[in-house]
Structures are given as structure tokens and as C-alpha cells.
Amino acid sequence: MSLPSLEISTQPAIDIPGQVLVLGVRSTADGPELLIEDAALQAALGAIGATGSADQLLRLPGSDAADSIALIGLGAATDADALRYAAGSALRQLRGVDRVVLALPADDAASLAAVAEGAGLGAYRFAGYKSAGNGEDRGPASAVVIPTAVEDAAAILERARVVAEAVHRVRDLVNTPANDLYPGNLAERAAELAAVAGVDAAILDEDALAAGGFGGLLGVGSGSPRGPRMVRLDWNPAGAERHLALVGKGITFDTGGSRSSRPRRWSA
Numbered sequence: 001m002s003l004p005s006l007e008i009s010t011q012p013a014i015d016i017p018g019q020v021l022v023l024g025v026r027s028t029a030d031g032p033e034l035l036i037e038d039a040a041l042q043a044a045l046g047a048i049g050a051t052g053s054a055d056q057l058l059r060l061p062g063s064d065a066a067d068s069i070a071l072i073g074l075g076a077a078t079d080a081d082a083l084r085y086a087a088g089s090a091l092r093q094l095r096g097v098d099r100v101v102l103a104l105p106a107d108d109a110a111s112l113a114a115v116a117e118g119a120g121l122g123a124y125r126f127a128g129y130k131s132a133g134n135g136e137d138r139g140p141a142s143a144v145v146i147p148t149a150v151e152d153a154a155a156i157l158e159r160a161r162v163v164a165e166a167v168h169r170v171r172d173l174v175n176t177p178a179n180d181l182y183p184g185n186l187a188e189r190a191a192e193l194a195a196v197a198g199v200d201a202a203i204l205d206e207d208a209l210a211a212g213g214f215g216g217l218l219g220v221g222s223g224s225p226r227g228p229r230m231v232r233l234d235w236n237p238a239g240a241e242r243h244l245a246l247v248g249k250g251i252t253f254d255t256g257g258s259r260s261s262r263p264r265r266w267s268a
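Under my numbering, the first residue of the sequence shown is numbered 1, with each subsequent residue one higher.
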């Protein structure tokens, strides 16, 4: 799990210690616009090639508190989606940096949540099958500090952490190859995560599926030496007034399309 710690600070961004201070730049019809008040840096944007385009990141010499400054482009918008994307882009590009001060606009609950979620999601790294060296040991930041004075900021950051952690776990499952992730251990992982969340879990194996009349699932699964599983999750919060059922499927390996598609569509 590569999730960084998410912290808040009420200090001015320029005074917060960190390896990199990230500032936002948006693109406008009149040229790039820095999203903080700094006349000297604003005047230099054109000379250093800043455009404010999404994903553009430029590194500059640091301030008194930060070793360096990174300018991250947002594109033309500064709404929650743009902030979330810019925060994620900055974290993805700043590999090998331990502590990042993420000074994007976070003046209200929605913008703070977007910046925090973006930072958590952008710090994802799947390295389970990679050896050290060739830059693979340069992981994402371990700490992200967000300057803000928003009320309940700690609760907002905690929710962002939970969301990012859940997405990281799903990404790990998606990125795990089929020879290492199959119905049996996928079901076990689901049950383990359910236990952490206080959700009841039951795993139905081949015998239980046969007893329950799940012939379709057994029929499809019979094409593999690894039998199918069904996971039933039950959450019964106090005071609940109605039932809600969510039904989905997790496919660890599938070549069904090779039967339903014309061969010419599969030719190189």
C-alpha cells in the first residue's frame, strides 16, 4: 500500500517545511495564471515555459521552507474535478519525493476533499512484481501537507484517505495477473476486507453453489481447473428501514469473447 499520510496546516504555504511546494497554474486567454499571490513568480511564468495546461509540471528552485517548487497545470478550469486531477497528476510525477506541500486552492470543503482525494489516488503504485533499480525504487510521497483553514478538515481528510485506500486495494486486484488471482483467493480477500469493515461474509464453494441451484455459475466455471466462488456480504446497521441488494461479478480470467466475436476481429 503506497498511500501517503494526509496532513493539514494553517500556516501560509510558503512557510511549511517540505521537499517540494506544489503551486497551481491555470491557463487563460491572457496566458498562464498562478493560483496564489506572487507577483514575481507570476511575471516569470511565460519565461519558464509555463502554460497552465493539465499535466504540465515544472520544477523551480525552492523557497526558504521548501527545497524546490513545482508548478502543476490545471487547464482552464479550477473546479473540484480539475483540482482532483491536478493533485493526482502532481503526486504521480513527483516520484522519489518524501514530503510534498500541496498548495492548491482548498478554501472550502468541496475543494479540500478534491485535493486530498487526488493526492491519495495519484500516489498509487503497483510494484508487487518489480525489482529494485531503474527508478522502480522511487516511490510516491509518504506525506502530503495541504494548507487550509476549512472547518472539519481532519474529517474531510480521513474520508479522502478511506476512499483512496479502497481504490488502491481495487487497483491492486485489477493489476494482479490471473495466475496469481483466481476465484478462490479473490473470495478470500473479499472476506478479509469485509471483516475489517465489520461486514458479515460467506463464501460459497462448488458444493454450496450446487446445493443452491447456481447451475449457470457452475457451468461457466467448469471450464477451469479452479472452481467458481460466490461471496455474500451482509451489513445490517442499526435502525435500517429497507433492504438494498447490490449484485456484481468479479472475473479473474475470461476468453468468452473469442467465441462470440468473428475471427477477423482477432487478427493482428
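Don't be surprised by glycine CBs; every beta carbon is placed ideally from N, CA and C.
None of these values were measured; they are calculated from a predicted model.
Would you list the residues sitting across from residue i in a DSSP beta bridge?
i    : result
I203 : V231
T28  : G31
G18  : A66
S143 : Per the sequence shown, the amino acid found at residue 143 is Ala instead of Ser. Looking at the DSSP assignment, A143 forms a beta bridge with S5, R99.
If the criterion is Cβ atoms closer than 8 Å, does the pair residue i and residue j meet it?
i    : j    : result
A90  : A114 : no
R125 : P140 : yes
G49  : G88  : no
Q42  : D98  : no
V150 : L112 : yes
L218 : P225 : no
A194 : A201 : yes
T252 : L181 : yes
Give the secondary structure of residue i by DSSP, where H, G and I count as helix, E and B as strand, and everything else as coil.
i    : result
L173 : helix
L23  : strand
L3   : coil
A268 : Bear in mind that a pLDDT of 48 at A268, under 50, signals an unreliable position, so the model cannot answer this.
I8   : strand
V163 : helix
A210 : helix
A13  : helix
G49  : coil
G239 : coil
Give the range of the alpha helix (DSSP H) segment to which residue i is assigned.
i    : result
E151 : Looking at the DSSP string, E151 is not in any alpha helix (DSSP H), and its letter there is neither H nor E.
N185 : 183 to 197
A39  : 39 to 44
L246 : No alpha helix (DSSP H) contains L246, which DSSP labels as neither H nor E.
G223 : Note, G223: premise wrong, no alpha helix (DSSP H); not H, not E.
* Whole runs of the alpha helix (DSSP H) within the stretch 51 to 135, excluding any shorter than 4 residues -> Unbroken alpha helix (DSSP H) runs of no fewer than 4 residues, entirely contained in the stretch 51 to 135, are found at 80 to 93, 109 to 122, following chain order.
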